[in-house]
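Structure first, commentary second.
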Amino acid sequence: MVQDVEDAHPADPIAQRLRELGFVSGEPVRIVARGPLGGDPLLVQIGSTRFALRRSEAARVTVSQEATA
Amino acid sequence: MSESVLRIALVGNPNCGKTALFNQLTGGRQKVANYAGVTVERKEGRFVAPSGRSFQLLDLPGAYSFAATSPDEAITRDVCLGRYPGEAAPDLIVCVADATNLRLHLRFVLEVRQLGRPVVLALNMMDAAKRRGIVIDVDELQRRLGVPVVQTVAVQRGGAKALIERVDGDVPEAAPSDPAPLTPAQMHAQVRELLTATVTMPRETAAVDDALDRWALHPVMGMVILAGLMFFIFQAVFSWAKPVMDGIQAGITWLGAWSTGFLPAGSALHSLLNDGVFAGLGAVLVFLPQILILFFFILVLEESGYLPRAAFLLDRTMFKAGLTGRAFIPLLSSFACAIPGIMATRSINDPRDRLTTIMVAPLMTCSARLPVYTLLIAAFIPPRIVGGVFNLQGIVLFVLYFAGIFSALAVAWVIKRMRRDKSEHALIMELPSYRVPHARDIALGLWERSKIFLRRVGGIILALTVLLWFLASFPGPPANATLPAIDYSLAGRIGHLLHYIFAPIGFNWQICVALVPGLAAREVAVASLGTVYAMSGGEDAVVSQLGTLISQQWSLATALSLLAWYVFAPQCMSTLAVIRRETNSWRNVAIAAGYLFGLAYLASFATYQIASALS
Numbered sequence: 001m002v003q004d005v006e007d008a009h010p011a012d013p014i015a016q017r018l019r020e021l022g023f024v025s026g027e028p029v030r031i032v033a034r035g036p037l038g039g040d041p042l043l044v045q046i047g048s049t050r051f052a053l054r055r056s057e058a059a060r061v062t063v064s065q066e067a068t069a
Numbered sequence: 070m071s072e073s074v075l076r077i078a079l080v081g082n083p084n085c086g087k088t089a090l091f092n093q094l095t096g097g098r099q100k101v102a103n104y105a106g107v108t109v110e111r112k113e114g115r116f117v118a119p120s121g122r123s124f125q126l127l128d129l130p131g132a133y134s135f136a137a138t139s140p141d142e143a144i145t146r147d148v149c150l151g152r153y154p155g156e157a158a159p160d161l162i163v164c165v166a167d168a169t170n171l172r173l174h175l176r177f178v179l180e181v182r183q184l185g186r187p188v189v190l191a192l193n194m195m196d197a198a199k200r201r202g203i204v205i206d207v208d209e210l211q212r213r214l215g216v217p218v219v220q221t222v223a224v225q226r227g228g229a230k231a232l233i234e235r236v237d238g239d240v241p242e243a244a245p246s247d248p249a250p251l252t253p254a255q256m257h258a259q260v261r262e263l264l265t266a267t268v269t270m271p272r273e274t275a276a277v278d279d280a281l282d283r284w285a286l287h288p289v290m291g292m293v294i295l296a297g298l299m300f301f302i303f304q305a306v307f308s309w310a311k312p313v314m315d316g317i318q319a320g321i322t323w324l325g326a327w328s329t330g331f332l333p334a335g336s337a338l339h340s341l342l343n344d345g346v347f348a349g350l351g352a353v354l355v356f357l358p359q360i361l362i363l364f365f366f367i368l369v370l371e372e373s374g375y376l377p378r379a380a381f382l383l384d385r386t387m388f389k390a391g392l393t394g395r396a397f398i399p400l401l402s403s404f405a406c407a408i409p410g411i412m413a414t415r416s417i418n419d420p421r422d423r424l425t426t427i428m429v430a431p432l433m434t435c436s437a438r439l440p441v442y443t444l445l446i447a448a449f450i451p452p453r454i455v456g457g458v459f460n461l462q463g464i465v466l467f468v469l470y471f472a473g474i475f476s477a478l479a480v481a482w483v484i485k486r487m488r489r490d491k492s493e494h495a496l497i498m499e500l501p502s503y504r505v506p507h508a509r510d511i512a513l514g515l516w517e518r519s520k521i522f523l524r525r526v527g528g529i530i531l532a533l534t535v536l537l538w539f540l541a542s543f544p545g546p547p548a549n550a551t552l553p554a555i556d557y558s559l560a561g562r563i564g565h566l567l568h569y570i571f572a573p574i575g576f577n578w579q580i581c582v583a584l585v586p587g588l589a590a591r592e593v594a595v596a597s598l599g600t601v602y603a604m605s606g607g608e609d610a611v612v613s614q615l616g617t618l619i620s621q622q623w624s625l626a627t628a629l630s631l632l633a634w635y636v637f638a639p640q641c642m643s644t645l646a647v648i649r650r651e652t653n654s655w656r657n658v659a660i661a662a663g664y665l666f667g668l669a670y671l672a673s674f675a676t677y678q679i680a681s682a683l684s
């Protein structure tokens, strides 16, 4: 579950884009796959959409653990 | 009386099927594929509704939001807001949304509605939504959104009927523009509300996608599949095309002999047709099957939705080299031709990543290089079977492609090193649902490609070949000539002059002659070699023998050196022109051309010297 998306620096376009893509408080998210080298990038599913995010991008999203189904 | 034409713009998230809808409505043949960012320009078309009213339709690049982060998104924003130079805002916006992905797409619909212009919402891919058991209460959605909602299946004949009927009616009233723009959080709250009220979804993703992605994105198996796929394609290009190519070659030889048979053997016209047209064009034409096989695979991959997965797998590697996973698709298109490849970089949001991708795109082996490669490989590399299954010629071709890829990564790395601005680069890339490619789209794509190729052969290649024939024929040899006539001609003199520069890398003067017209289009070099050898080798040198001829006259070192030259050399004016247009700077063109020529000369020099020393 997404808690928040934080700006890494003021007016952070990456954080804004993430929010536009649906990374907002209360949305359930799930990591579907990890890249072959060093587990980067991550494939993150939010709603019915899958996004490839680099770890540095995904780091802006704070999540809270939910009981995994 | 003549009612002014209604101007409609198609907008929506990337990969929701705007272009497919555009083609469906206008009968157009714009490129469609299954990944975000296929359309990077505004495209215009017209259609006439059954009522007789005509409409102007604008196809725009996909956008997630009006807060644009890439050049193609900026085009969409500017057109919708009426800020695009020389263009008024559209009379009606058709907002296209993927019915299987409304959670994401409805947000942009809300943003479009806020513009306060007339909007129609088209729920596209309704067929896929039905298959997955997604039920949408269209009436309720329409009531809550306050804009007309229609259902479409852009890839089916007649799938846009509802949309045509809707736009043919009255222009819907402009949606009430909200007094205060919503914050992202409010917008999402609205989307969520709309979804709970109108959409029931049995599961969030297609089961097929999950199953396929378990393999395709597996850290080990995914890479194995990707490498195997690429290798298979290069093998196929070489082995499947052979019988067809032999057939074409035989046909051209026969046609050449038949059509010049009536002419006196020593006449200028006989020479022009035989040595210029047939030897020149024939040498290029035989490569059509290989180009089509390569394109067949590229088109299937594009339509299937696999390409963004490959980009996902390679992002880390490409990032290390100073590129981005997003660059994978433009670079893969560059295997077809660097020009669409460079244009496709518009979907890369980071300007630095974009410039780097443009700079290295010419290193990807475009299909115009294929004739040069295959001519030389067929002439110099024995068709041995290695390790039981692999064709040695196919392996050499694979190595040449790989050399291009490897040097692109190396160059990107150097550019990254030289760059001062080291702030973060973004990836954020959507992975679409898999789709079975449509045979019709693939067939259309191949047909378009054949037309382009044949137009090149009949146009620029023919023109340059004839020009070269003139240069190679005049002035005629002096009375006391001891060498073949071409040595005394203008082309011969140019070749001998250039030979001073290219002798250290093993090129003979015939190659030097062929390189010059080869600057206009790479395949011309093959056509030119055909002409030059036909002119200097007497009457028996015809198209089918170019390979045999050079394998007798050139050393292996020369052939390898020429292959190395073609991996790097910017032998294509159109590519340089498109770099100029896309980066808007002559400096970048000069840098690209300079470094590519430099690398080409160095690589050829090393290849020639090493190969000569070893043999």
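Taken in sequence, the protein lines are chains V and H.
Be aware that the first sequence starts at 1, since it is given in my numbering, and climbs by one per residue.
Be aware that the second sequence starts at 70, since it is given in my numbering, and climbs by one per residue.
Ideal placement from N, C-alpha and C gives every residue a C-beta, glycine not left out.
Asked                                                                                                                          : Found
Alpha helix (DSSP H) segment containing Asp237 of chain H, residue limits                                                      : Lys230 to Asp237
Within chain H, the residues that Glu20 of chain V reaches when beta carbons sit closer than 8 Å                               : Tyr133, Ser134, Ala136, Arg176 and Pro253
Residues that DSSP places opposite Glu113 of chain H in a beta bridge                                                          : H:Leu127
Rounded straight-line distance, which links the Cα of Gly155 of chain H to that of Asn418 of chain H                           : 25 Å
Sub-8 Å separation of Phe51 of chain V and Ile411 of chain H beta-carbons                                                      : no
Integer Cβ distance of Ala633 of chain H from Ala672 of chain H, believed to fall under 8 Å                                    : 4 Å
Straight-line gap, Met299 of chain H to Tyr503 of chain H (C-alpha atoms, nearest Å)                                           : 19 Å
Meets three-Cβ-pair contact criterion under 8 Å: the segment 638–653 of chain H and the segment 470–479 of chain H             : no
Burial state of Ser71 of chain H (16 or more Cβ within 10 Å)                                                                   : Per-residue confidence for Ser71 of chain H stands at a pLDDT of 43, beneath the threshold of 50, marking its modelled position as unreliable; the derived number appears in the next sentence. Per the 10 Å Cβ criterion, exposed.
For Leu286 of chain H, the first and last residue of its enclosing alpha helix (DSSP H)                                        : Segment: none, Leu286 of chain H is in no alpha helix (DSSP H) and carries neither H nor E.
Contact with chain V by Glu156 of chain H, beta-carbon distance below 8 Å                                                      : no
Residues sharing a beta bridge with Gln220 of chain H, DSSP                                                                    : H:Leu192
Residue interval of the beta strand (DSSP E) (run including Ala33 of chain V)                                                  : Val29 to Leu37
Leu161 of chain H, DSSP secondary structure in three states                                                                    : strand
Residue-chain proximity (Pro90 of chain V, chain H), Cβ-Cβ < 8 Å                                                               : Because chain V is modelled from 1 through 69, residue 90 of chain V falls outside the range shown and cannot be assessed.
Interface flag, Gly391 of chain H vs chain V, CB-CB below 8 Å                                                                  : no
Backbone secondary structure at Phe459 of chain H - three-state DSSP                                                           : strand
Nonlocal neighbours in the same chain, by C-beta distance under 7 Å from Ser403 of chain H, ignoring five residues either side : Gly410, Ala430, Met433 and Cys435
Below-8 Å beta-carbon distance, Ala610 of chain H vs any chain V residue                                                       : Interpretation of Ala610 of chain H is limited by its pLDDT of 47, a score under 50 that renders its predicted location unreliable; the figure taken from the coordinates is listed afterwards. Output row for Ala610 of chain H: interface = no.
Pro10 of chain V, buried or exposed, once every other Cβ within 10 Å from all chains shown has been counted against 16         : exposed
Best match in V:Pro41, V:Gln65, V:Ser56 and V:Asp7 for proximity to Leu500 of chain H [C-alpha to C-alpha]                     : V:Pro41
Span separating the alpha-carbon of Leu341 of chain H from that of Val535 of chain H                                           : 7 Å
Contacting residues, own chain, Cβ-Cβ under 8 Å from Leu367 of chain H (five flanking each side not counted)                   : For the record, residue 367 of chain H in the displayed sequence is Ile; it is not Leu. Taken in chain order, the residues that qualify are Leu401, Ser402, Phe404 and Ala405.
Inter-residue spacing [alpha-carbon to alpha-carbon] between Ala610 of chain H and Leu584 of chain H                           : Because Ala610 of chain H sits at a pLDDT of 47, beneath the cut-off of 50, its placement in the model cannot be relied upon, and the following sentence gives the value as read from the coordinates. Cα to Cα, the separation comes out at about 20 Å.
Proximity test, Leu598 of chain H beta-carbon vs the ligand GTP heavy atom, cut-off 7 Å                                        : In the structure on display, the ligand GTP does not appear, and there are no ligands present to speak of.
CB of Ile233 of chain H within 8 Å of CB of Leu94 of chain H, strictly                                                         : yes
Any chain V beta carbon closer than 8 Å to Arg200 of chain H                                                                   : no
Spatial neighbours of Arg453 of chain H in its chain, beta-carbon cut-off 6 Å, leaving aside the 5 residues before and after   : Leu461
Residues near Pro140 of chain H by beta carbon distance below 7 Å, same chain, minus five either side                          : Arg415
Within chain V, the residues that Pro288 of chain H reaches when beta carbons sit closer than 9 Å                              : Ala33, Arg34, Gly35, Pro36, Leu37 and Gly39
Inter-residue spacing [alpha-carbon to alpha-carbon] between Tyr104 of chain H and Leu338 of chain H                           : 52 Å
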